[in-house]
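Novice: Pasting in a structure now, in structure tokens, and then I'll have a few things to ask.
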Amino acid sequence: MKYINRTIEKKIDEMNGAFPVILLTGARQVGKSTLLEYINNSSSEKINYVTLDNIIERSNAIEDPETFLRTHETPLIIDEFQYAPNLLSYIKIHIDESRKNELFNNGKPVNTIYYLTGSQVFQAMKNVSESLAGRIGILELNPLSTREIYQKKEDCFIPNINLLKKKDKLVYESLGNVFDRILKGSYPVLYNDVENSLENFYSAYIKTYIERDIRELINIKDEIKFLKFISAVAARTGQEYNASDIGKDVGIDNKTVDEWMSILKNTFLVYLLQPYYNNALGRAIKRPKIYFMDTGLACYLAGYLDSRTLERSAYSGQIFETYIISEIVKSYTNNSRDPRLHLYYYRDNNQKEIDLLIIDQDSIYPVEIKKSANPGKDVIKNFNVVKKFEMTSPNGVVLCLTKDIHVIDENNYMVPIEYI
2 MKYINRTIEK KIDEMNGAFP VILLTGARQV GKSTLLEYIN NSSSEKINYV
52 TLDNIIERSN AIEDPETFLR THETPLIIDE FQYAPNLLSY IKIHIDESRK
102 NELFNNGKPV NTIYYLTGSQ VFQAMKNVSE SLAGRIGILE LNPLSTREIY
152 QKKEDCFIPN INLLKKKDKL VYESLGNVFD RILKGSYPVL YNDVENSLEN
202 FYSAYIKTYI ERDIRELINI KDEIKFLKFI SAVAARTGQE YNASDIGKDV
252 GIDNKTVDEW MSILKNTFLV YLLQPYYNNA LGRAIKRPKI YFMDTGLACY
302 LAGYLDSRTL ERSAYSGQIF ETYIISEIVK SYTNNSRDPR LHLYYYRDNN
352 QKEIDLLIID QDSIYPVEIK KSANPGKDVI KNFNVVKKFE MTSPNGVVLC
402 LTKDIHVIDE NNYMVPIEYI
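Numbering (our numbering), first residue to last: 2 to 421.
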């Protein structure tokens with residue numbers, strides 16, 4: 002097994018010492034603990050480790066948090082801290098005491114004392130914000146990006162054509178190879194454990210997710226119904242969120258759909274891409290679009306176990322779009338930038354739609370995503386909508402399976418997906 006370096010390591014290094022607490026969030030098995038172990042092994046200072054997946058440690062942390070913290074020397078990694086959110090108040094007290102000691106008693110400088118990880122922050126994030134405001138740096142880790150898999154430099158994807166032409170392009174791959182990777186997904190263990198079949202891995206993943214995360218959050222009497230719900234959402238990845246439509250398929254009301262969708266979002270399995278609208282766009286659609294953050298999990302839940310069947314299916318277009326959107330979202334979270342401030346889509350009541358709008362400072366870039374090597378000029382027909390947005394639009398791009406950058410017209414370009 003070989004460790005795969007993560008883009009976000011640079012951000013953790015920047016935060017180290019600047020914040021007394023660093024919180025690394027993300028879905029199960031995206032590599033949070035492994036990343037902190039790597040940082041620990043690379044550090045000149047020993048960092049101790051405890052996981053609250055251990056039922057005894059969890060019990061100690063819940064029942065007597067003060068003694069729990071005194072028992073474990075700092076700096077300390079607390080894995081899956083959300084099982085004992087009451088720890089946060091005691092961590093705050095410890096930090097404040099250390100800061101006073103540094104300030105008034107010539108104590109040692111307060112660097113990073115605690116590293117927290119959490120795979121579901123549904124309840125805990127409110128406590129984090131209230132207890133550790135100004136004391137904590139928060140980072141989100143997603144499954145591997147393609148650039149991480151190939152160990153290439155990863156920046157936020159900004160489709161400015163002048164920047165793209167200078168970017169280090171990944172090796173061009175055939176459509177078949179792209180769909181092999183889409184089906185495989187991007188959980189790190191799948192790139193180290195060659196003996197583990199995809200079906201076995203994802204079956205175990207869903208079982209663990211429901212047993213450890215979902216039961217902690219809500220009382221699900223019918224686990225089969227929740228599995229049916231998450232499968233219905235996977236079948237709709239790349240589509241607008243319609244609670245009524247999902248509810249009819251699963252046999253639950255809209256309120257339950259909204260609650261369960263919020264859980265999928267807050268346990269990092271799905272990303273909701275928000276629509277772009279302003280006062281000048283009265284006819285714009287205001288529903289978000291659903292994207293699974295791991296295409297392998299989405300394919301498994303949707304019933305696809307073979308990449309060639311997937312490639313030829315009616316599902317191929319939306320899962321290809323999901324792959325591209327998730328890669329772009331990862332490029333932002335991996336560089337500690339909030340994608341919600343930069344990424345949108347557009348659709349209005351006249352059925353004019355743009356797959357993705359990327360905002361960078363005062364510029365907006367329209368982006369279309371096509372599973373084709375030569376999509377044609379018609380795909381950019383809605384790009385002129387951005388003139389209503391009161392921002393400059395240097396150029397638009399069509400992300401597709403072309404081998405090289407090609408000019409569509411004076412302001413728009415076909416761009417290989419290997420530039421993401």
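Every residue gets a Cβ at the ideal spot worked out from N, C-alpha and C, and that includes glycine. Please read all numbers here as calculations on a predicted model, not as lab measurements.
When the Cα atoms are used, what is the spatial distance from Asp250 to Leu265?
Specialist: Indexing the sequence shown from 1 puts residue 250 at position 249. Indexing the sequence shown from 1 puts residue 265 at position 264. Roughly 17 Å separates the two Cα atoms.
Novice: Output needed for Asn87: all residues of its chain with C-beta closer than 7 Å, excluding positions within five of it in sequence on either side, in chain order.
Specialist: What you label residue 87 is simply residue 86 of the sequence shown in a count that begins at 1. Result list for Asn87: Ile63 and Pro66, in chain order.
Novice: Along the alpha helix (DSSP H) that carries Leu298, what are the first and last residues, could you check?
Specialist: As a position in the sequence shown, residue 298 is number 297, starting the count at 1. Leu298 -> alpha helix (DSSP H) spans Thr296 to Ala303.
Novice: Kindly indicate which three-state DSSP category Met392 falls into: helix, strand or coil?
Specialist: The sequence position of residue 392 within the sequence shown is 391, counting from 1. Note: Met392 maps to coil in three-state DSSP.
Novice: For Val190, write down the residues that DSSP places opposite it in a beta bridge.
Specialist: Here residue 190 refers to the residue found at position 189 when the sequence shown is read from its first residue. The partner list for Val190 (beta bridge, DSSP) is empty, contrary to what the question assumes.
Novice: Which of the three DSSP states is assigned to Phe158 in this structure?
Specialist: Counted from its first residue, the sequence shown places residue 158 at position 157. If DSSP states are grouped into helix, strand and coil, Phe158 belongs with coil.
Novice: Please classify Arg341 as buried or exposed, where buried requires at least 16 neighbouring CB atoms within 10 angstroms.
Specialist: If you number the sequence shown from 1, residue 341 lands on position 340. Its Cβ having fewer than 16 others within 10 Å, Arg341 is exposed.
Novice: Could you tell me the alpha carbon to alpha carbon distance between Asn61 and Tyr50, rounded to whole angstroms?
Specialist: Indexing the sequence shown from 1 puts residue 61 at position 60. Indexing the sequence shown from 1 puts residue 50 at position 49. Near 15 Å, if we compare the C-alpha coordinates of Tyr50 and Asn61.
Novice: Can you name, in chain order, every residue of its own chain whose Cβ lies under 6 Å from the Cβ of Ser394, other than the five neighbours on each side?
Specialist: For the purposes of this step, residue 394 is taken as residue 393 along the sequence shown, with counting starting at 1. The answer, listed in chain order, is Ile365 and Val387.
Novice: For Leu176, which residues in the same chain have their Cβ closer than 8 Å to its Cβ, ignoring the five residues on either side in sequence?
Specialist: Within the sequence shown, numbered from 1, the residue matching residue 176 stands at position 175. Contacts found: Glu312, Lys372 and Leu402.
Novice: Closest by CA to Leu228, which one among Gln240, Ile247 and Gly239?
Specialist: In the sequence shown, residue 228 corresponds to position 227, counting from 1. Considering only alpha carbons, the answer is Ile247.
Novice: Just the Cα atoms here: how many angstroms apart are Ile5 and Asn197?
Specialist: Taking the first residue of the sequence shown as 1, we reach residue 5 at position 4. Taking the first residue of the sequence shown as 1, we reach residue 197 at position 196. If I take the Cα positions, the gap works out to 18 Å.
Novice: Should Phe158 be labelled buried (16 or more other beta-carbon atoms within 10 Å of its own) or exposed?
Specialist: As a first step, residue 158 is located in the sequence shown; it is residue number 157 there, counting from the start. Classification for Phe158: buried.
Novice: Residues in its own chain within less than 8 Å of Asn161 by CB, not counting five upstream and five downstream?
Specialist: Position 160 of the sequence shown, counted from the first residue, corresponds to residue 161. Within the same chain, Asn161 has close Cβ partners Asp361, Ser364, Tyr366, Pro395 and Asn396.
Novice: Kindly confirm or deny that the stretch 141-149 and the stretch 89-106 touch, where touching means at least three C-beta pairs closer than 8 Å.
Specialist: The stretch 141-149 vs the stretch 89-106: no contact.
Novice: Cα separation between Ser245 and Leu298?
Specialist: Counting from one through the sequence shown, the residue named residue 245 turns up at place 244. Counting from one through the sequence shown, the residue named residue 298 turns up at place 297. Their Cα atoms are separated by approximately 23 Å.
Novice: Roughly how many whole angstroms lie between the Cα atoms of Ser337 and Lys12?
Specialist: Here residue 337 corresponds to residue number 336 of the sequence shown, with the count starting at 1. Here residue 12 corresponds to residue number 11 of the sequence shown, with the count starting at 1. Those two C-alpha atoms are separated by around 7 Å.
Novice: Give the single residue among Arg7, Asn17, Lys3 and Gly27 whose Cα lies nearest to the Cα of Phe269.
Specialist: As a first step, residue 269 must be located in the sequence shown, where it is residue number 268. The candidate whose alpha carbon is nearest that of Phe269 is Gly27.
Novice: Specify the secondary structure class of Tyr347 as computed by DSSP and reduced to three states.
Specialist: Along the sequence shown, read from residue 1 onward, the residue named residue 347 stands at position 346. If DSSP states are grouped into helix, strand and coil, Tyr347 belongs with the strands.
Novice: Tell me the rounded alpha-carbon separation between Ser34 and Thr118.
Specialist: As a position in the sequence shown, residue 34 is number 33, starting the count at 1. As a position in the sequence shown, residue 118 is number 117, starting the count at 1. Straight-line Cα distance between these residues: approximately 7 Å.
Novice: Considering only C-alpha positions, which residue in the set Tyr324, Gln30, Leu199 and Leu274 is nearest to Ile286?
Specialist: What you label residue 286 is simply residue 285 of the sequence shown in a count that begins at 1. Minimum Cα distance to Ile286 is reached at Leu274.
Novice: How far does the beta strand (DSSP E) with Glu369 in it extend, from its first residue to its last?
Specialist: Residue mapping note: residue 369 aligns to position 368 of the sequence shown, counting from 1. Residues Ser364 to Ile370.
Novice: Classify Arg348: buried if its beta carbon has 16 or more other beta carbons within 10 angstroms, exposed otherwise.
Specialist: Along the sequence shown, one-based indexing puts residue 348 at 347. Arg348 is buried by the Cβ-count criterion.
Novice: Which residues in the same chain have their Cβ closer than 6 Å to the Cβ of Glu74, if we skip the five residues on either side of it in sequence?
Specialist: In the sequence shown, counting from the first residue as 1, residue 74 sits at position 73. Excluding sequence neighbours, Glu74 sits near Asn49.
Novice: Could you compute how far the alpha carbon of Arg216 sits from the alpha carbon of Asp223?
Specialist: Your numbering for residue 216 matches position 215 in the sequence shown. Your numbering for residue 223 matches position 222 in the sequence shown. Cα to Cα, the separation comes out at about 11 Å.
Novice: Measuring CB to CB, does Tyr420 end up less than 7 Å from Leu165?
Specialist: Here residue 420 refers to the residue found at position 419 of the sequence shown. Here residue 165 refers to the residue found at position 164 of the sequence shown. In contact: Tyr420 and Leu165 (Cβ atoms closer than 7 Å).
Novice: Return helix, strand or coil for Pro340, following the three-state DSSP convention.
Specialist: The residue labelled residue 340 in the question sits at position 339 within the sequence shown. Correct three-state label for Pro340: helix.
Novice: Use the C-beta contact count for Tyr345: other C-beta atoms within 10 angstroms, 16 or more gives buried, fewer gives exposed.
Specialist: Counting from 1 along the sequence shown, the entry for residue 345 is found at position 344. Under this definition Tyr345 is a buried residue.
Novice: Along the beta strand (DSSP E) that carries His407, what are the first and last residues, could you check?
Specialist: For the purposes of this step, residue 407 is taken as the residue at position 406 of the sequence shown. Start and end: His407 to Asp410.
Novice: Less than 7 Å between the beta carbons of Ala235 and Ala303, yes or no?
Specialist: Within the sequence shown, the letter at position 234 stands for residue 235. Within the sequence shown, the letter at position 302 stands for residue 303. Yes, the Cβ-Cβ distance between Ala235 and Ala303 is below 7 Å.
Novice: Tell me the residue span of the alpha helix (DSSP H) that contains Lys290.
Specialist: As a first step, residue 290 must be located in the sequence shown, where it is residue number 289. It is not in any alpha helix (DSSP H) - Lys290 instead sits in the beta strand (DSSP E) that spans Lys290 to Phe293.
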